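Working notes for the structure below.
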Amino acid sequence: MATTVVSRKASRPHGIEARRRRVAYALLTPGGAWMFVFLVLPVAVMAYMSLKSGGVLSGGFRFTWAFENYVDALAGRQTFFLRSVIYAGSTTLGTVVLSYPAAYWIAFHGGRFKSALLFTILLPYFVSFVIRTVQWKFILADHGLVLGTLKDLGLLPEDFRVLSTWVAVVGGLIYNYLPFAALPLYVAIERIDRAVVECAYDLYATPVQAFTKVIFPLSMPGVFAATLLTFVPATGDYVEAEVLGGPTTRMIGNIIQTEYLRQARYPVAAALSMVLMFGMVVLTSLYAKLIGTEDETVAAAVGA
Amino acid sequence: MNAPIGGSGPGALPGLLRRRLTRRGFLRAAGRAAGIGAVGVSLPSLLASCQPEEGGGEVDVKELFSGPPEGHVEFANWPVYIDKKKDPETGERYVPSLRKFEEETGITVTYKEVIQDNASFFGKLQPQLQAGQPTGWDIIVITNGWEFQALVKNGWVYPLDTTKRPNFDAHATDWAKDPPFDPGAKHSMVWQSGLTGIAVNRDLVDAPITKLDDLADPNKLPPGSVGMIEEDMPDFVMWNLGIDPQTSTPEDWKVAAEWLLKQRETGLVRAYYAQGYVDDLTNGNLAVSMAWSGDILYYHTWGGYQNLEFVVPEGGCLIWTDNMMIPVGAEHPVSALTLMDFYYRPEIATMLQEWVLYMSPVKETQELIRKDAERAEERGWKGYARKLYETAESEYLFPTQELLARCRFGRTLRTDEEKEEWDRIFVPITEQA
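So the sequence lines, in the order shown, correspond to chains A and B.
Under the numbering used here, think of the first position of the first sequence as -14, with each following residue one higher.
Under the numbering used here, think of the first position of the second sequence as 24, with each following residue one higher.
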């Protein structure tokens, strides 16, 4: 009898475990397939491309383990990487500072209009972002609607301009990435337990103290998500710099674009993209280590 | 008769309008190669050196073009580079010349304005071409730059059956029949051609702009008010410094690069444009800009921008051509060739030219445009007639020998080594930190 029990015990859990494992893998399949198709495969193709050599005038490119592409790609490009990080950093700061009050107000005082108010934040983004960006060229034209008027009134010097300067590029980036900060911030602030805020006031906290000691720390998951969602794409962005910028505002995205679409140096462009991607992974991991917690990373994912 | 489209744009939505406004703005003028050699001026001898090496697999041309038309053509072209008209009944915009082709031949055409610039369009096709897969297009329009060279050299376009284009034989200009970058027009047929010169916004500039150095003169122009066309500027600057780009050497390239760097240091350059310089000209951000003739003519004639003026600088212009080609793997080569030849019928070429305002590869268009003008006048369409007369007399559409003598084609980059050297010298100008 005992032997049968033992044998049963030994066999049954084994079968269940195997099945469990199979189920677990089966459940992983859709997500895994998604990751494979949309992440692993493209990156693999890009890595493969980055190691090709050849030229468009000699039949195209062949895979040759051409690691020198990376050397080629990085030579003299530090300025552009640095500039992109600075612009993206300013963008992140700008979007968070601008959208925090809005998100806060909607979450705490939006009442039954919350959804409608959120919708108004999103509304401009129903128009293609290229068109929106290009419209800024009209609005900010040197002798246009705004600057022209101010110049006519004598409030600005005649050769003042915004377009083709870093102000226009960072401004355009902030404008375009605003909802990516506003929405996760809103989600995080909305989730703050009002009772905790009440407690702070009950304990004689001033409004400023309540904000800095209670509300802001509790909204950190939102800030974290907002930062990632704006900083990462803004670093690789090139549209604002292309449309609103000038010769002195080119970002690394513009360099990659030029390499790929104008000079047809596809492997070098791929190598630059790889470097940019891994640079971002390292930067964001560091950031997550320093500021984020696991909780916040999850929240970031949820907020996204 | 195709109507002037000046006022009938795609509506008031500025975003859309701008798209249309950039028009041949998109049509960059590589002008890197070859060109209109045989127009009679001194060009042919200089251009003799820029013939591409033929390559690629052996295609039996006769066999390929022997069948009956397949009944359909997939045509890729640049934005706003064909005649258009609004159907008065349905309000739908259509292409009169293509409709005529469809009615006459029974061949249907899918016309798509998908080429924003040569290099990026080439970039999209390149992987398929290299892998020997069809691109889905039967006709593509490529400027005479390195992209053109690559397509021919790598055998990525079909050679054409030169015995099956009667209109081309009868009506093509000499330069279109034997372009130096494609001797005998064996791989391509010219769609349109144009000049790269200087556009001046007279509202913003009083000083006379007559030469290249004016584009780098802070005494004449305010900071950030000069537009440069990235792709054309090396050749344009070289030619204006007295160097013939066609025969130029890397040493000459460095001279041009030096000028461009000096210009950059003046702070006058607003941007190095791939396209879209016209937007900045029309909304007053640019006082002067390198420009393509058709763009400026079009705005001046049909767009109501009387303040824009096209100037041929003292040092001369760049010239370029856009060429129809049949990519390897095209499903409908016979129909494609039929369509290409159709555009060499004088009345069809006239429809096209009156609308796009670039140089036509067909001999008779000037005469036909004049006739259209007379007809318009008889019907009492005064403004329209005046504009057609202006078109027919435009020096930039029907250049004189004297003007052509002052125009050159850009450098033809024939090998990867040359292209690398070129990029090494000119890329740092736009990539200065």
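In this text, a Cβ means the ideal position worked out from N, Cα and C, and glycines have one as well.
Predicted, not measured: the structure shown is a model, and the values here were computed from it.
For this session: Would you mind telling me which residues of chain A sit closer than 7 Å to R143 of chain B, beta carbon to beta carbon, in chain order?
Result: The residue asked about is misnamed: residue 143 of chain B is Ser in this sequence, not Arg. Under the 7 Å cutoff, chain A gives L246.
Exercise. Does L83 of chain A come within less than 8 Å of chain B when only Cβ atoms are used?
Worked result: no
For this session: Taking only beta carbons into account, state which residues of the region 304 to 322 of chain B come closer than 8 Å to chain A, listed in chain order.
Result: Of all residues in the region 304 to 322 of chain B, N306, G307, N308 have a Cβ within less than 8 Å of some Cβ in chain A.
Exercise. Just curious, the beta strand (DSSP E) that C196 of chain A is in, first and last residue?
Worked result: In the sequence as presented, Cys is not what sits at residue 196 of chain A; that position holds Phe. Careful: F196 of chain A lies outside any beta strand (DSSP E) and carries neither H nor E.
Problem set entry | Min CB distance D144 of chain A to chain B below 8 Å | yes
Exercise. Along the chain, which unbroken stretches of the alpha helix (DSSP H) at least 4 residues long are found entirely within the region 122 to 176 of chain A?
Worked result: 130 to 137, 151 to 175
Problem set entry | Closest residue to D106 of chain B among B:L320, B:P189, B:R293, B:V118 (Cα-Cα distance) | Taking the Cα of D106 of chain B as reference, the smallest distance to any Cα among B:L320, B:P189, B:R293, B:V118 is reached at B:V118.
For this session: Within the region 89 to 167 of chain B, note down every full beta strand (DSSP E) run reaching 3 residues or more, in order along the chain.
Result: 95 to 100, 131 to 136, 162 to 166
Problem set entry | Contacting positions in the region 250 to 274 of chain A - beta carbon closer than 9 Å to chain B | Listed by position along the chain: R250, Y251.
Problem set entry | Beta-bridge partners of S312 of chain B, as assigned by DSSP | B:A222, B:G250
Exercise. Which residue's Cα is closest to the Cα of W325 of chain B: B:R393, B:V301, B:L380?
Worked result: B:L380
For this session: Identify the contact partners of T438 of chain B in chain A, using a Cβ-Cβ distance below 9 Å as the criterion.
Result: G40, L42, S43
For this session: Verify the CB distance criterion: does A153 of chain A have a CB-CB separation below 8 Å to chain B?
Result: no
Exercise. Who are the near neighbours of F65 of chain A in its chain, counting only those whose CB is closer than 8 Å to its CB and skipping five residues on each side?
Worked result: R235, M236, I237, N239, I240
Problem set entry | Under 7 Å by beta carbon: chain D residues contacting K176 of chain B | In the structure shown, chain D does not exist; the protein chains are A and B.
Exercise. Using Cβ-Cβ distances below 9 Å, what residues of the region 224 to 236 of chain A are close to chain B?
Worked result: Shown in chain order are the members of the region 224 to 236 of chain A whose Cβ falls below 9 Å from a Cβ of chain B: E227, V228, G230, G231, P232, T233, R235.
For this session: Please compile the residues from chain A whose C-beta is within a distance smaller than 7 Å of the C-beta of Y295 of chain B.
Result: The answer, in chain order, is P232.
Exercise. When Cβ atoms are compared, which residues of the region 155 to 183 of chain B fall closer than 7 Å to chain A?
Worked result: W169, Q172, A173, K176, N177
Exercise. Per DSSP, which one or two residues make a beta bridge with L341 of chain B?
Worked result: B:T219, B:R431
Exercise. Hey, does D137 of chain A have any beta-carbon neighbour from chain B nearer than 8 Å?
Worked result: Output row for D137 of chain A: interface = no.
Problem set entry | Amino acids of chain A, ordered along the chain, whose beta-carbon sits closer than 8 Å to that of V292 of chain B | G231, P232
For this session: Within the same chain, show all residues whose beta-carbon is closer than 8 Å to that of R5 of chain A, passing over the 5 residues directly before and after it, in chain order.
Result: Within the same chain, no residue comes within 8 Å of R5 of chain A by CB-CB distance, once the 5 residues on both sides are set aside.
Problem set entry | Start-to-end residues for the beta strand (DSSP E) that takes in V175 of chain B | Where V175 of chain B is concerned, there is no enclosing beta strand (DSSP E), although the alpha helix (DSSP H) it sits in stretches over 169 to 176.
Problem set entry | Span separating the alpha-carbon of P27 of chain A from that of Y251 of chain A | 15 Å
For this session: Rank B:E397, B:R409, B:V180, B:M374 by C-alpha distance to the C-alpha of G44 of chain A and give the top, closest one.
Result: B:V180
For this session: Count the other CB atoms, across all protein chains shown, that sit within 10 Å of the CB of T105 of chain A; report buried if there are 16 or more and exposed otherwise.
Result: exposed
Exercise. Would you call A9 of chain A buried or exposed, if buried means 16 or more other Cβ atoms sit within 10 Å of its Cβ?
Worked result: exposed
Exercise. What do you reckon, is the C-beta of V217 of chain A under 7 Å from a heavy atom of the ligand ATP?
Worked result: With respect to the ligand ATP, the structure offers nothing, as it holds no ligand at all.
Problem set entry | Under 8 Å between C-beta atoms of I290 of chain B and C430 of chain B | One point to set straight first is that residue 290 of chain B is Gly, not Ile, in the sequence displayed. Their beta carbons are not under 8 Å apart, which means G290 of chain B does not touch C430 of chain B by this criterion.
Exercise. Does the beta carbon of L148 of chain A come closer than 8 Å to any beta carbon on chain B?
Worked result: Yes, contact with chain B.
Exercise. Is the beta carbon of R247 of chain A sitting closer than 8 Å to the one on A142 of chain B?
Worked result: yes
Exercise. Where does K37 of chain A fall in DSSP's three states?
Worked result: Note: K37 of chain A maps to strand in three-state DSSP.
Exercise. Within the 8 Å Cβ cut-off, does E454 of chain B reach chain A?
Worked result: Yes, its Cβ sits closer than 8 Å to a Cβ of chain A.
For this session: Could you pull the start and end residues of the beta strand (DSSP E) that G45 of chain A belongs to?
Result: 45 to 48
Problem set entry | Burial state of K85 of chain B, where buried means 16 or more other Cβ atoms lie within 10 Å | When all chains shown are included, K85 of chain B counts as exposed.
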